[in-house]
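S.K.:
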Amino acid sequence: MTVPANVVELCNLIEDTTDEAALVQAARGARRIVAEAQRDGMPATKLAESWSTLVRSTVASAARFGIPPSSAGWSWYVSGSTARNEALPGSDVESILVLDDPRADLRAAMDSAGYVHSVLDRCGLRGDDKGAVASRARFCRTAVQWTEGIDAWTNDPQLDRGVVMSGLLADARSVTGDSDALRHSLAEVIKTRERALAAMLSDSLFVRAALPSRLRLFATRDDVVDLKAAAIEPVVSIARWAALSSGSPTLATLDRLRDAAGTKFLSTDDAQVLRECYTISTRMRWHHRARLWLDAGPNDSRVTDEVTLSDLPPQDRALLRGVGREISGIRRKLAYLASTSTFTGR
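Per UniProt numbering: the sequence shown = residues 1 to 346.
1. Ends of the beta strand (DSSP E) at Asp226?
2. Are the CB atoms of Phe265 and Ala242 nearer to each other than 8 Å?
3. Give the secondary structure of Ser135 by DSSP, where H, G and I count as helix, E and B as strand, and everything else as coil.
4. I need the straight-line Cα distance from Leu215 to Val224, nearest angstrom please.
5. For Val236, which three-state DSSP category applies?
6. List in chain order: all unbroken beta strand (DSSP E) runs of 3+ residues lying wholly within the segment 237–319.
7. Roughly how many angstroms separate the alpha carbons of Ile33 and Thr304, rounded to a whole number?
8. DSSP state of Leu120, grouped into three classes?
9. Decide if the segment 122–133 is in contact with the segment 195–209; the criterion is three or more beta carbon pairs, one per stretch, under 8 Å apart.
10. Exposed or buried, Arg291, counting other C-beta atoms within 10 Å across all chains shown (16 or more means buried)?
11. Can you tell me which residues form a DSSP beta bridge with Arg173?
12. Classify Arg208: buried if its beta carbon has 16 or more other beta carbons within 10 angstroms, exposed otherwise.
13. Spatial neighbours of Thr344 within its chain, please: CB distance less than 7 Å, with the 5 preceding and 5 following residues excluded, ordered by chain position.
14. So, for Leu106: in the same chain, excluding its five sequence neighbours on each side, which residues have a beta-carbon less than 8 Å away from its beta-carbon?
15. Are the beta-carbon atoms of Arg56 and Val78 separated by less than 8 Å?
16. Span of the beta strand (DSSP E) holding Leu159?
17. Grouping DSSP H, G and I as helix and E and B as strand, with all else coil, what is Ser185?
Now the structure itself:
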């Protein structure tokens with residue numbers, strides 16, 4: 001097999017495969033392309049976009065092989081970073097299956113989805129480690145059931161993991177067609193649901209991980225940081241909420257921040273600061289994950305987002321601490337504005 005020279009060629013090769021073995025072999029070409037992109041110094045956000053495109057092409061082909069041709073009326077979606085063009089080597093794949101027929105056999109559909117993910121595993125693309133995959137009943141539904149779910153989750157976001165499900169659908173992107181009906185349906189309904197948007201904001205302001213200060217490092221000697229949890233996810237979730245609140249249809253985090261800038265939900269200055277924080281964190285995270293992925297292999301458990309601050313160059317440590325301070329400050333500001341009902345009464 002001729003080794004593809006770039007992402008476009010590899011995507012074409014993946015899309016032209018006629019069986020699973022050929023798909024698995026084609027997907028291996030991603031390793032060379034990642035290594036060359038790393039060497040050539042391509043910007044991290046562009047690298048993430050290219051990797052996401054490769055992953056979506058592979059998912060679409062795996063779905064084509066894994067779901068029987070006799071299964072009429074289905075749409076396969078991805079969500080999360082793969083959908084937003086923000087995936088990195090070793091990132092997992094979140095998937096959603098929509099069946100047009102309200103009488104469809106959901107058990108058979110989930111079995112087919114499980115087979116699709118087994119093909120993706122062989123390609124080096126693991127399913128979401130939190131279980132957001134189409135082989136589970138929560139993420140495999142008829143179109144009618146998804147519509148009913150959207151109404152319920154946005155009407156009472158505290159029930160049935162409504163905030164999580166809304167966030168998942170807000171990022172949903174079809175890989176088997178041009179229709180992104182799930183995302184558009186969610187956006188159309190949630191813009192009239194103040195409680196749902198307020199719950200999404202509250203969730204984005206909840207601190208799950210943080211970048212340690214110098215004082216904390218001195219006191220605890222604990223300098224291991226999860227880049228994704230501490231620096232990427234806070235910006236992604238704020239951008240998602242701001243985009244939904246301001247009516248932006250965009251998916252990528254930087255585009256969402258651009259569209260929401262200057263609205264009552266996010267000031268121009270805060271949006272720009274978050275864009276810079278995201279870009280800095282993505283660059284560091286890309287180089288960290290790509291190195292581990294190339295050294296250890298696509299499914300190796302050592303490919304994580306955890307970095308040891310003392311191992312970083314001094315300028316990167318300073319940048320990360322700056323990112324942490326900026327994100328914390330904007331979180332506090334948004335929490336205050338939310339407490340004064342600034343974001344209601346659109």
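Beta carbons: idealized from backbone N, C-alpha and C, even for Gly.
M.R.: For this structure:
1. Position 226 of the sequence shown, counting from 1, holds the residue named residue 226. From DSSP, the beta strand (DSSP E) with Asp226 extends over Val224 to Asp226.
2. The residue you call residue 265 lines up with position 265 of the sequence shown. The residue you call residue 242 lines up with position 242 of the sequence shown. In this structure, Phe265 places its C-beta atom within 8 Å of the C-beta atom of Ala242.
3. To locate residue 135, count along the sequence shown from 1; it is residue 135. DSSP places Ser135 in coil when its eight states are reduced to three.
4. As a working mapping, residue 215 is identified with position 215 in the sequence shown. As a working mapping, residue 224 is identified with position 224 in the sequence shown. Low confidence applies to Leu215: its pLDDT is 45, below 50, so where it sits in the model is not reliable, and the reading given next is rough at best. Going from the Cα of Leu215 to the Cα of Val224 covers about 14 Å.
5. As a position in the sequence shown, residue 236 is number 236, starting the count at 1. Correct three-state label for Val236: helix.
6. 306–308
7. Your numbering for residue 33 matches position 33 in the sequence shown. Your numbering for residue 304 matches position 304 in the sequence shown. Rounded to the nearest angstrom, the two C-alpha atoms are 20 Å apart.
8. Sequence index remark: in the sequence shown, residue 120 carries index 120 (1-based). Helix.
9. no
10. Reading the sequence shown from its first residue, position 291 is the one you call residue 291. Of the other Cβ atoms in all chains shown, fewer than 16 fall within 10 Å of the Cβ of Arg291; this residue is therefore exposed.
11. Working through the sequence shown from its first residue, we reach residue 173 at position 173. Bridge partners of Arg173: Val78.
12. Residue 208 sits at position 208 when you count from the first residue of the sequence shown. Classification of Arg208: exposed, given that the 10 Å Cβ count is below 16.
13. Indexing the sequence shown from 1 puts residue 344 at position 344. Closer than 7 Å at Cβ, skipping near neighbours: Glu194.
14. Taking the first residue of the sequence shown as 1, we reach residue 106 at position 106. Cβ neighbours of Leu106 beyond the five flanking positions: Leu99, Ala137, Cys140, Arg141 and Thr142.
15. As a first step, residue 56 is located in the sequence shown; it is residue number 56 there, counting from the start. As a first step, residue 78 is located in the sequence shown; it is residue number 78 there, counting from the start. Yes, Cβ-Cβ distance for Arg56 and Val78 is below 8 Å.
16. For the purposes of this step, residue 159 is taken as residue 159 along the sequence shown, with counting starting at 1. From DSSP, Leu159 is part of no beta strand (DSSP E); its letter is neither H nor E.
17. For this step, residue 185 is matched to residue 185 along the sequence shown. Of the three classes helix, strand and coil, the one that applies to Ser185 here is helix, per DSSP.
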